[in-house]
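S.K.:
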Amino acid sequence: MTKTTIPVHLDINGDLHGLDIEPRVTLLDALRDRLGLTGTKKGCDHGQCGACTVHIDGERVLACLTLAAQAEGRTVTTIEGLAREGEMH
5 MTKTTIPVHL DINGDLHGLD IEPRVTLLDA LRDRLGLTGT KKGCDHGQCG
55 ACTVHIDGER VLACLTLAAQ AEGRTVTTIE GLAREGEMH
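This is the structure in structure tokens:
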């Protein structure tokens, strides 16, 4: 059985990223495994601990419960995006 992928374009911390991912890939896995943004942590992977929290369009969202495709066309801010160029936030 072949895996089906879909193209997803994400605005992460002001940078645009194009990915070909399986429809079931979570935003958390896309951030960590596909984009190398490891500041967002995988804790419980059930939406209970809050370690995977990101902002989508300014609203708090649990990335482990959000499909990456759901973030297409929206603005995602991770912990890496809170401070630019090494400045403290």
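The C-terminal position of the sequence shown is numbered 93 in the numbering used here, with every residue numbered one higher than the one before it. The beta carbon of each residue, even a glycine, is placed where N, CA and C say it ideally should be.
1) Do you know how far the Cα of Thr82 is from the Cα of Asp61?
2) Return the CA-CA distance between Glu63 and Lys7, expressed in angstroms with no decimal places.
3) When the Cα atoms are used, what is the spatial distance from Gly51 to Glu89?
4) Which residues bound the beta strand (DSSP E) around Glu76?
5) Apart from the five residues on each side of it in sequence, which residues of its chain come closer than 7 Å, Cβ to Cβ, to Val12?
M.R.: Reading it off the structure:
1) Stepping through the sequence shown from its first residue, residue 61 is reached at position 57. Stepping through the sequence shown from its first residue, residue 82 is reached at position 78. Each residue's alpha carbon lies about 11 Å from the other.
2) Counted from its first residue, the sequence shown places residue 63 at position 59. Counted from its first residue, the sequence shown places residue 7 at position 3. Inter-residue distance for Glu63 and Lys7 is about 32 Å (C-alpha atoms, whole angstroms).
3) The sequence position of residue 51 within the sequence shown is 47, counting from 1. The sequence position of residue 89 within the sequence shown is 85, counting from 1. Linking Gly51 to Glu89 through their CA atoms gives a straight-line distance of about 30 Å.
4) Translated into positions along the sequence shown, residue 76 becomes position 72. Judged by DSSP secondary structure, Glu76 falls outside any beta strand (DSSP E); it is assigned neither H nor E.
5) Here the question's residue 12 lines up with position 8 in the sequence shown. So the list reads Leu23, Ile25, Ala72, Ala73 and Glu76, once near-sequence residues are dropped.
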